[in-house]
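All remarks here apply to the structure that follows.
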Amino acid sequence: MPSKNTTHYILLDSVNTLSPADLERLLRAIQQRDQGMPSRVRVLTIDITKHNKPDIKAFIVEELKRKGIFQGADEDSQRRKTMVEERLWVRSNNSYLTIQQDLRKVEEIITSGGTEEELHRVLHESSTDPKELVRAEIEGLEAMLKAREIEEINELLVWVIASDESMLLVELEAALFLRFKTVSLQPLDKKITGKYSKIFTLIYGKYLALKDHVRDCVVAQRDRPRQSADDPKITATISITNGDLKLVQRFFWDLNHYSFLGGFAFEPTSDQTNVGQRKIQVYEADAHLEIVKRTFDILSQPVVDERGKALVPYLMRSLTTHLKALSEVTGLDELQPPDKQFIGSHVYEMFNEGDVIERNWDFCYAVRWYERDDEMDIFWEWLDDPVAIAGLGPRDKRWLAELKKDKKHRNSGLLTPAMTMVARNWLQDTKWSTFRVFRWIRGFLRLGAEPQQEDRTTVAEQTGKSDTGSGRIIIYDNDSNVRKILKAEQWCKQLLGVTEVDYTWCIRLGDTYADVREYDAASEQYKKAAEILQAQDPIDKEQLRDVFKTLAEFATDPDYALEYLKEAARLDAEDVEIPCAMLRQCITSKNEDEARVSGTQSTLLMAMLSTALGKGNEIDMLAVFNAVFSVVSSSAELRAIFQHEMEVAIVAARTEGKNEELATLLFQLASDLRECLDTIRERVAEEDRYRLDFIKQSAIDRLSMVYFDRAIQTEGEEPEADVERLRQVHMDDPAAKIPKSALASLYSIKGQRDKARDISRAEIVEAFNILAHDDILNDLDGFVALRNLLNHTGDYENALRAALLLPELRFDGTVLTTLLAGEGPSMEAVSEELVQYYDRECPDTDRHWESLTKLWREASRLADEADAASKRAACLDRVQKLLAKLEREIECSLPGNTCNRYWDYDNGLHACKYCYNVFLCNGCWDELRSGKAGKDLVCSSTHAWYPLPPWTMEKYLQTCQGLVRMKTDNGGEELVSVSEWLGTLCEEWGLSKADWDFE
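In the numbering used here, the protein residues as written are 5 to 1003.
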C-alpha cells in the first residue's frame, strides 16, 4: 500500500499523434478528476524525439532482424542493411511512426520483386511532409477496402467537406441510409474509430471531423470540364498485345460488323451495384451539388423515411450555404445547364405554393433564411439566371418578372405564398406550435427593415402608410413583444381577409402572448375567446372549460385564478384536474378553509391523488400531493381519511404487483422510505426504473434529512445510529448531493469540520477547476457549487461571499459607465461612444436584458468595422467579453423555495445552513419558525439560518468588477480580487493555490 506522500508517474506515449480535440479532452480529463483524494497534478510535455536517439537506432536494428530484412552474411545483404538502417534513421526524425511506415514500403518492394534502384529511390524521397504520409495511408486504404466501403467514405466526405457546421453521427447515419437505402450492421462510430480512423476522428464522441492533412489529400481538382449527371457516359479501353496489323484490322472489322447486325444486344448481366470507384476523393463543388440534390429530392417526397429524418433539419437550414457555393463556382467546376435547371425549378417550387414548406414543417425549426435578406438573395441568384429557369412555364416566368419590378421588396413577394400558408396555420389552425409559426411571421415582417430604425407609429397608422405607400407592415428590433405580435396579427388579417375573428384565432393569439410571457395580453385574448364561446348556441362546454382552465394558469392573482377554476368546474364536474388546481390555488392564497369545503371527500380526494400519480411531470405530481398534505395536516378528520386511503392504495398496489405505483405511494406517505427505495431497486424492472428516477432521488433526499433531523435533535446512542444510517445512504448513492451535504453538515455541527471537508474535497477541487478555467461562461456553475460546499462545511461567511458572486442581471447607464471606467484610460474613446449609444437607444432603464443585448450588438458591429489589428478592435473585443460575462448573470438570481420571490434589491432571503440549496423569504421564514403547515415540506423549524440581505448597487458593481469584501487582521474590511479570495480558500482546505494559479 503506497504511503500518503507517494508520487505517481503516468507516462502517456505518442500524445502528439492525437488530434487537437482529442488532446484537449485528455488533458481536461486529467485535470478534472473526481475520484479519490485530490492532490496536486502536474502535466509535463516532453518532446521525446530530443531524448530517444539510442532507442530509435536500436529499434531499427531489431525491426529489420524481426522481419528478416537483409540479414544474410553476404556482402550485398550487409551493404543493403547498412544503407537501409542509415536512411531509416535519417528520415525518421526520431519518430517510431515514420520508421514503421518506411519499413512497410521496404517490405512491399522486396515482396513484389522490386529492384535495389526502387529501394534507393523510396528511401531517398522526401517523407518529412506529413501530407505525403497521410496520402500514403489513404492509398493503402484504397487498396485494402472494398468498393462499397470506399463509396461510404466518399459519401461521408461529401458532408464533412461541404458542410458549414460539424455534422453529428446521427445525421451522417441518416445520410448513409438515404444514399444506400440500407442500414449497416456495424455502427458508424465503430467504423470511424476502426477501419476509417486514418481519415476521420470524432469530436466529443458525436461530431465527425477529418484528421490533420486529410482534407488536402481527398479534395480533388478538376482537369477537364464537368459533365452533368444526366449526360450518358461511355468509356472503354482496348489493349492489343502481340498482334500484327492484319489481326488488328480483323478485330475492328468484326467490331463494326457486330454493331450493325446485333446492335450490341448485350445479355443482362449480374448486379452491378458492387462495381464502384476505387479512389477516396471528392470534388468540393460536386459535394455541394450532391447535398442540394439530396435536399430537393427529400423535400419533394410525401413522407420522409424515419431512418433519414435526422438529416432533414440540417438540409433545410443550410440549403442557402450550398446554393451560394454552387452559384460561385467557375472554370471547370461550373455547372452544366441540366444541373442549373434542376436547381432553378426546385427553388421556384419551394416558394410558388408553400406546399413544400408545409409538408416539411417539422424540419423547419432551425431555418433562418426566411428572415434574412442576404440569404433570400441567394435564392434569387438562381431565379435571376435565365438558364436555371429555362424550364419554367410562361405563367411562372411572368410571376417572377412581376416580383422583380419591386426590387426592394422582392424577397417578401417571393415568400408571400408560403407565408400565407404559415399565417393560416398560426391563427386559424391548431396543429402547429404557436411560437414557431409566429417566429416565421415575425422574421418575414422584418425583411426590409433598416438597421437601427425605430418605428413609433401605431399599428393602425402603419397599415395606412409606408415608404412605398403600399401599406406594408414592418417589425423592428426595437418593437416590444406585444407590439410585434400586434403587427403580425394585423398583417395576417389583411392577408387572409379576416374582418371578424373566431375563438380559435383568440386562443392561438393568447398562446403566442403566453409564449413570450406577456400574460396580461394572453388573458385578454382568452377572455375574448370565452365571450365568443359563451355566445354560441349550443355552447361547446369542453372548449370553454379549457379556456377557463388556461385563464386560471395565466392569472397572477390566486383569487382570480380560483374564480376561473370554479367556472371550469361548473362546466365539467368530472374533470379531476380542476379540483387539483383549485386545491393548489387555495393553498397558494393561504385559504385552507375553502380548500376543505370541496374536493376533500374520501372518493374525490383519492381520485385527485390518482390523477397526480398519472402525471408525466413529477413536479406537477408532487405539487398536488403537497397541496393535499397542507390541507389534511391541519384537520384530524381529514388526516385520518387520507392516512386510511393511502394505506388501502398501498396494500392494493402491493397485492396487484403495481410496483411503480407502490414506490410512489410509499414515498408520498413517507411511512417507509426504505421500502420505497428497495421496491425501486429490487422489484421494478431494470428497463422501467428510469421513470422512477425522480421518485428515487426524492426518497433518498427525504430519507437523508429524516436521519439528519433525528441525529441533531436527540442525544446518546440513537443519534449515532442515525449518523451511521445517513452515512450508509451516502455510500449507497455517493453521487447524490443531498445525502453528502447532509452528512457534511452533521459533521460540521459536531465540530468535525475536517471530516466534513474530507467528503467534500473532490467537489471543491472540481469547483476550483471550473473557476480557474479561461472560459468565464461557466463561472456560474463554479460559484453555485462553491456556495453549497462552504455552506455544508460550516464556513458560512465564505458561503455568503460566494452567494454575492451570483447576482441578478442589472444593466443601466451607471453599470455601463462604472465597468467601462474600470477597464482603464485606453478605453476612453470607445467608452464614450458606447455610453452615448446607450443614452440614445436604451430609454427604458428597466429593460436590462434588452439594453444589454442591444449594446452588445452595437459593440459587435463596431468591432466588425474596425481594423482587426487596431487598438480600437482590441478595446471592442474587451467590451464584448465584459458583456458576455454580464449576460450569464441573467440566470444567477437565487429564488425562494416556496414563494418564488427572488433575492433582489427589495427582498432578502434566509439560507438554511443544513438543507441543500434552500432559501426562504422573510414571510416564509417567519411561517416556518412559527410551525405553520406547508413549509416543513421544504425545511424544518429546528434548522439554523443566515441572512442574505437585499442587494445594493454597491454590492452589484463590486461583483461585476470581480471584487470580494474580506476582513482584515485589524478588524476592518478590504476589497480583494476573486482570485485572491479563492487562494485563501485553497489554503484553508490544505490545497495549493499554485495548482490553479490563484493569487
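A virtual CB, placed ideally from N, CA and C, is assigned to each residue, including glycine.
I'd like to know whether the C-beta atoms of Ser830 and Tyr842 end up nearer to each other than 9 angstroms. Taking a C-beta distance under 9 angstroms as the contact criterion, Ser830 and Tyr842 do not qualify as a contact pair.
Identify the residues that DSSP records as bridge partners of Cys916: which are they? Residue pairing by DSSP places Cys916 opposite Trp949 in a beta bridge.
Here's the rule I'm using: 16 or more other beta-carbon atoms within 10 Å means buried, otherwise exposed. How should Gly397 be labelled? Classification of Gly397: exposed, given that the 10 Å Cβ count is below 16.
Is it buried or exposed, Asp726, if we count other Cβ atoms within 10 angstroms and call 16 or more buried? Classification of Asp726: buried, given that the 10 Å Cβ count is 16 or more.
Those residues which DSSP pairs with Arg969 across a bridge: In the DSSP output, where bridge partners are listed per residue, Arg969 has Leu979.
Quick one: is Tyr13 buried, meaning 16 or more other Cβ sit within 10 Å of its Cβ, or exposed? Tyr13 counts as exposed, since fewer than 16 other C-beta atoms from the protein chains shown sit within 10 angstroms of its C-beta.
Sort out for me which residues DSSP pairs Met735 with in a bridge. Beta-bridge analysis with DSSP links Met735 to no other residue.
Could you have a look at Val307 and say whether DSSP puts it in helix, strand or coil? In this structure, Val307 counts as coil in the three-state DSSP scheme.
Can you tell me the Cα-Cα spacing of Gln39 and Lys741, whole angstroms? With a pLDDT of only 43 at Gln39, under the threshold of 50, the placement of this residue in the model should not be trusted, and no figure is reported.
Do you know offhand how far Glu120's Cα is from Lys185's? In a straight line, the C-alpha of Glu120 is about 49 angstroms away from that of Lys185.
State the Cα-Cα distance for the pair Glu984 and Leu809, rounded to the nearest angstrom. About 14 angstroms.
Proximal residues to Glu493 (C-beta, below 8 angstroms), its chain only, five neighbours per side dropped: If you ignore the 5 residues before and after Glu493, its C-beta comes within less than 8 angstroms of the C-beta of Leu431 and Leu513, all in its own chain and listed in chain order.
DSSP three-state call for Ile207: helix, strand or coil? Collapsing the DSSP output to three states places Ile207 in a strand.
What three-state label does DSSP hand Phe552 in the structure shown? Here DSSP, grouped into helix, strand and coil, assigns Phe552 to helix.
C-alpha gap between Met970 and Glu827, whole angstroms: Met970 and Glu827: Cα-Cα distance of roughly 23 angstroms.
Evaluate Leu161 with the Cβ neighbour count: other Cβ atoms within 10 Å of its Cβ, from every protein chain shown; 16 or more gives buried, anything less gives exposed. That one is buried.
Please state the DSSP three-state secondary structure of Phe815. Per DSSP, reduced to three states, the secondary structure at Phe815 is coil, with no helix or strand assignment.
Should Thr516 be labelled buried (16 or more other beta-carbon atoms within 10 Å of its own) or exposed? Looking at its Cβ environment, which holds 16 or more other Cβ atoms inside 10 Å, Thr516 is buried.
How is Thr988 classed by DSSP in three states: helix, strand or coil? Reduced to three states, the DSSP call for Thr988 is helix.
Flag this pair as touching only if the stretch 341-354 and the stretch 382-402 have three or more C-beta atom pairs under 8 angstroms; answer yes or no. The stretch 341-354, when compared against the stretch 382-402, does touch it at the 8 angstroms Cβ threshold.
Rounded to a whole number of angstroms, what is the C-alpha to C-alpha distance between Arg226 and Glu66? Approximately 45 angstroms, taken between the alpha carbons.
For Leu172, which beta-bridge partners are listed by DSSP? Paired residues: Tyr211.
For Phe558, which three-state DSSP category applies? Here Phe558 sits in helix by DSSP.
For Phe256, does the count of other Cβ atoms within 10 angstroms reach 16, so buried, or fall short, so exposed? Exposed: under 16 other Cβ atoms inside 10 Å.
Within a Cβ cutoff of 7 angstroms, which residues of the same chain sit near Arg446, ignoring the five residues on either side of it in sequence? Correct list, in chain order: Ile479, Lys488 and Ala492.
From what residue to what residue does the alpha helix (DSSP H) around Ser416 run? For Ser416, the enclosing alpha helix (DSSP H) stretches over residues Arg414 to Leu431.
Euclidean distance between Cα positions of Glu991 and Lys959: Between the alpha carbons of Glu991 and Lys959 lies a distance of about 26 angstroms.
Can you tell me which of the three DSSP states Val223 falls into? Val223: strand per DSSP, three-state reduction.
Stretch-stretch touch, CB-based, cutoff 8 angstroms, three pairs: the stretch 396-410 with the stretch 365-379: Judged by Cβ distances under 8 angstroms, the stretch 396-410 makes no contact with the stretch 365-379, as fewer than three pairs qualify.
Would you be able to state if there are at least three C-beta pairs under 8 angstroms between the stretch 289-304 and the stretch 136-153? Under the 8 angstroms Cβ criterion, the stretch 136-153 does not count as touching the stretch 289-304, having fewer than three qualifying pairs.
Whose C-beta lies closer than 8 angstroms to the C-beta of Gly977 among residues of the same chain, with five residues either side of it excluded? Correcting the residue identity first, residue 977 is Glu in this sequence and not Gly. Cβ within range, chain order: Arg969, Met970 and Lys971.
Leu16, DSSP secondary structure in three states: For Leu16, the three-state secondary structure derived from DSSP is coil.
Cβ-based burial, Trp853 [other Cβ within 10 Å; buried from 16]: By the neighbour-count criterion, in which a residue is buried when 16 or more other Cβ atoms sit within 10 angstroms of its Cβ, Trp853 is exposed.
Whether Ile64 touches Ile114 by CB criterion (9 angstroms): Not in contact: Ile64 and Ile114 (Cβ atoms no closer than 9 angstroms).
On the three-state DSSP scale, how would you describe Val371? Judged by DSSP in its simplified three-state form, Val371 adopts coil rather than helix or strand.
Sort Cys221, Cys510 and Asn974 by Cα distance to Ala534 and report the nearest one. The alpha carbon of Ala534 has as its nearest neighbour, out of Cys221, Cys510 and Asn974, the alpha carbon of Cys510.
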